[in-house]
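2 protein chains.
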Amino acid sequence: MPELRKDPIIGRWVIISTERGRRPSEFLPDEIRTRGGFCPLCEGNEDKTPPEVFAVRENGCPPNSTGWTLRVVPNKFPALRVEGDLNREGEGLYDKMNGVGAHEVVIETPKHDETLSTLPTDKVIMVLKAYRERISDLTRDPRIRYILVFKNHGAAAGASLEHSHSQIIALPIVPKRVSEEIDGAKAYYEYKERCVFCDIIRQEMGHKARIITENGGAIALAPFASRFPFETWILPKDHSAYFHHTQPAQFRDVASLLSDALRRIESTLPRAPYNFMLHTAPPNETDEPFYHWHIEIIPILTKVAGFEWGTGFYINPTPPEEAAKYLRKARFQENRG
Amino acid sequence: MPELRKDPIIGRWVIISTERGRRPSEFLPDEIRTRGGFCPLCEGNEDKTPPEVFAVRENGCPPNSTGWTLRVVPNKFPALRVEGDLNREGEGLYDKMNGVGAHEVVIETPKHDETLSTLPTDKVIMVLKAYRERISDLTRDPRIRYILVFKNHGAAAGASLEHSHSQIIALPIVPKRVSEEIDGAKAYYEYKERCVFCDIIRQEMGHKARIITENGGAIALAPFASRFPFETWILPKDHSAYFHHTQPAQFRDVASLLSDALRRIESTLPRAPYNFMLHTAPPNETDEPFYHWHIEIIPILTKVAGFEWGTGFYINPTPPEEAAKYLRKARFQENRG
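If you read the protein sequences in the order shown, they are chains A and B. Each residue of the first sequence is one higher than the one before, counting from 757 in our numbering. Each residue of the second sequence is one higher than the one before, counting from 757 in our numbering.
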């Protein structure tokens, strides 16, 4: 059972794999299992993953067989386990608990050489709907306090498989980074009685310099205090705290803007690795006027080094206004969806 | 002038280089200027760095000439500038200020192929003394609120020059990561009336499983909630909030343990990149009973990915108890100092 341990000074939790630790010799330079090798996420290899928990299949073909357009499966090497109780306990001055939670993989396409940015909009909508399904389902587990959806694209962004996929982790606590964002948004709302994200959208739409692209329902912008070069946020224009409460009609605009933003990033920074994270309010609470779900995309172009680790500060060599300019004028193939 | 910008939601500051932003084409795969190439930090190339602000020289040879064992010079490409006023101002709902501060490079040795772990203890003491000198000097600037000393070793740890060096950044604000640690330590002290770091040292010395090595004045341990595999903390055994108030006699034990810990890491994980950060209390305050300066060393073996960015949580595949076991039994050449 993995173990959750809390830093006694700053209260940050860490997941420690206690079953069989990675030895020094196992930290070899990264290799991504590439085209030449075997890929457990490709169509035809359904028996190489744990049984699916959700899938989009045509013509009623049976689960865990071919004929799918999207599958969600438990991670074969999960960071957290679904079985068991939380069992909080102490160890002298330290705190720990069982690593209870869920860790799933969203296989976005059956084809090895497609990526989220080459998929037609209809299929990107399907991916967002799969996120919503899984969040709604995992939310029903009373041990779960937060669900994070994220994507690692490229080896330098932490992807260990090349085949296009995203991940879902359900956690037994609300993580620090999330509660900081919630607390900050709440403090702003208490002072202004307005959602800080709605205010950001309004100011950016007036100012224009940091807008990358927009459509009727969503906006993509380079945030004012971007930590990373070409950092891109995608926000629905209408206020909504929970991603999984979003109406299907809104999905089209967000999906098409996500696809558009990823194409702009790929065309401006060819083959750049990136991460994206879905930021949504912790579930099981009443609708929140202060929080606004969104997606943060960070291309991995610089290294996190001693300065960042020591301060929590970031040094960004490309002002967001310039990043937005490059991304606005990016040339790329039109969306097929 | 670089610009400091504050994220309006979570209050995190970012340094934005506004003078001439890095373009997309400038984010090419890393190359470290290696042995074959020209090194501006080597002895004989003193005119290729800005004039030194501190040096250890034998026989009174003139500044910025050969004959030194250690030099501190301003960074040629500083993240912050020494000139100018702070000028806090708003931009709609956003906050920003001038990037005032200092950014210096500590050249730890005149020889290109020596590293902090191969230097004799006497020279490591010299490096720590140089940190103390520079912190004491920068503390006198009333615009400065925090001074961070850190080291990036290896390309994957963010080093852009191979020659052994560390860096000092003086900031006009106390960064988030530092105030979180201060606040956490203060909360513990208010509850227990004991320093949390002193309590950690006591518990670890009783328990033994996470101790890597120790001597009369200092201890090296794998922290209970290690974020990274083989993360190593070095703490002076005697309570002291400020690194720059440490007495010269204490330096020998800390320096010798730092050197010992780096040798153990290098022997266990050959050529592993690493960062280390000196954690010390913000200067210009009265002596603090709740804070305890220390050094955190993090080998760079895993990738920070979407999960970490989204949660602030870390997944560590090597339990600290196992890491400590490997580092305890590491075989390496004895310290020459």
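Heads up, the beta-carbon is just placed ideally off N, CA and C, and yes, glycines get one too. Values in this document were obtained by computation on a predicted structure and should not be read as measured data.
Best match in B:Glu799, B:Ala1028, B:Pro1029 and B:His963 for proximity to B:His868 [C-alpha to C-alpha]: Checked all of B:Glu799, B:Ala1028, B:Pro1029 and B:His963; the closest Cα to B:His868 is B:Glu799.
Among A:Ile900, A:Glu960, A:Phe1088 and A:Tyr1082, nearest to A:Val838 - alpha-carbon criterion: Of the candidates A:Ile900, A:Glu960, A:Phe1088 and A:Tyr1082, the one whose C-alpha sits nearest the C-alpha of A:Val838 is A:Ile900.
Chain E residues whose Cβ lies nearer than 8 Å to that of A:Ser982: The structure shown contains no chain E; its protein chains are A and B.
Whole-number beta carbon distance between B:Asp841 and B:Val856, since they are thought to touch under 8 Å: 7 Å
Residues from the stretch 1067–1082 of chain A in contact with chain B, defined by Cβ distance under 7 Å: Per Cβ criterion, the list reads Thr1067, Gly1068, Phe1069, Tyr1070, Ile1071, Asn1072, Pro1073, Thr1074, Pro1075, Glu1078 and Tyr1082.
Reduced DSSP category for A:Pro780 - H, G, I as helix; E, B as strand; rest coil: helix
Ordered list of alpha helix (DSSP H) runs contained in the stretch 845–929 of chain B, each at least 4 residues: Listed in chain order, the complete alpha helix (DSSP H) runs (minimum 4 residues) inside the stretch 845–929 of chain B are 877–895.
Cβ-Cβ distance between B:Phe980 and A:Arg779 below 8 Å: no
Chain A contact for B:Arg789 (CB, 8 Å cutoff): Residue placement at B:Arg789 cannot be trusted, given a pLDDT of 45 that sits under 50; what the coordinates show is reported in the next sentence. By this cut-off, B:Arg789 is not an interface position.
Short CB-CB distance (under 8 Å) between A:Ala1011 and chain B: no
Chain-ordered neighbours of A:Thr895 on chain B, where CB pairs are closer than 9 Å: The premise fails here: A:Thr895 is roughly 17 Å from chain B at the closest Cβ pair, so nothing lies under 9 Å.
Short CB-CB distance (under 8 Å) between B:Leu1025 and chain A: yes
CB of A:Ser1015 within 8 Å of CB of A:Val880, strictly: For A:Ser1015 and A:Val880, yes; Cβs fall inside 8 Å.
Other residues of its chain near B:Leu904: CB distance less than 6 Å, five sequence neighbours each side excluded: Ile925
Distance CB(B:Phe906)-CB(B:Phe1032) smaller than 8 Å: It is a contact, given that the beta carbons lie within the stated cut-off.
N-terminal and C-terminal residue of the beta strand (DSSP E) that B:His1050 is part of: His1050 to Pro1055
Rounded C-alpha distance that separates A:Glu970 from A:Ser873: 17 Å
Pairwise C-alpha distance: B:Thr865 and B:Pro1029: When only Cα atoms are considered, B:Pro1029 and B:Thr865 end up about 19 Å apart.
C-beta neighbour in chain B for A:Ile903, strict 8 Å: no
7 Å Cβ shell around B:Leu991 - same chain, five flanking residues per side excluded: Phe953, Ile957, Ala974, Ile975, His1048 and His1050
CB contact below 8 Å: A:Thr804 versus chain B: According to the sequence as given, residue 804 of chain A is Lys; it is not Thr. A:Lys804 does not count as touching chain B.
A:Phe953 - containing alpha helix (DSSP H), residue span: Val952 to His963
Within chain B, the residues that A:Ala912 reaches when beta carbons sit closer than 8 Å: Lys1059
Per DSSP, cross-strand counterpart(s) of B:Lys948: Answer by DSSP bridge pairing: none, since B:Lys948 is not bridged.
Closest by C-alpha distance to B:Ala811, when choosing among B:Val883, B:Tyr1082, B:Ala1011 and B:Gln923: B:Val883
Segments of 4+ residues assigned as alpha helix (DSSP H) that fall wholly inside the stretch 957–1042 of chain B: 1004–1024
Neighbourhood of A:Asn815 by C-beta distance below 8 Å, restricted to the same chain and skipping five residues each side: Excluding positions up to five away in sequence, the list reads Gly823.
Within chain A, the residues that B:Gln959 reaches when beta carbons sit closer than 7 Å: Within chain A, the residues near B:Gln959 are Gly848 and Leu849.
Partners in chain B for A:Ala941, counting only beta-carbon separations shorter than 7 Å: Ile765
Reduced DSSP secondary structure (H/G/I, E/B, other) of B:Glu787: Confidence at B:Glu787 is low in this model, with a pLDDT of 47, below 50, so the placement of that residue should be treated as unreliable; the coordinate-derived value is given next. It is coil, neither helix nor strand.
Cutoff 8 Å: A:Met882 Cβ touching any chain B Cβ: no
Proximity winner among A:His1000, A:Ala1086, A:Lys964 and A:Arg1027, relative to A:Ala911 (alpha-carbon distances): A:Arg1027
Rounded C-alpha distance that separates A:Ile772 from B:Pro1075: 6 Å
Delimiting residues of the alpha helix (DSSP H) encompassing A:Ala1080: Pro1076 to Arg1084
Alpha-carbon spacing of B:Pro807 relative to A:Lys932, whole angstroms: When rounded, the distance between both Cα atoms is 43 Å.
Cβ pair count under 8 Å reaching 3, the stretch 1055–1070 of chain B against the stretch 1001–1017 of chain B: no
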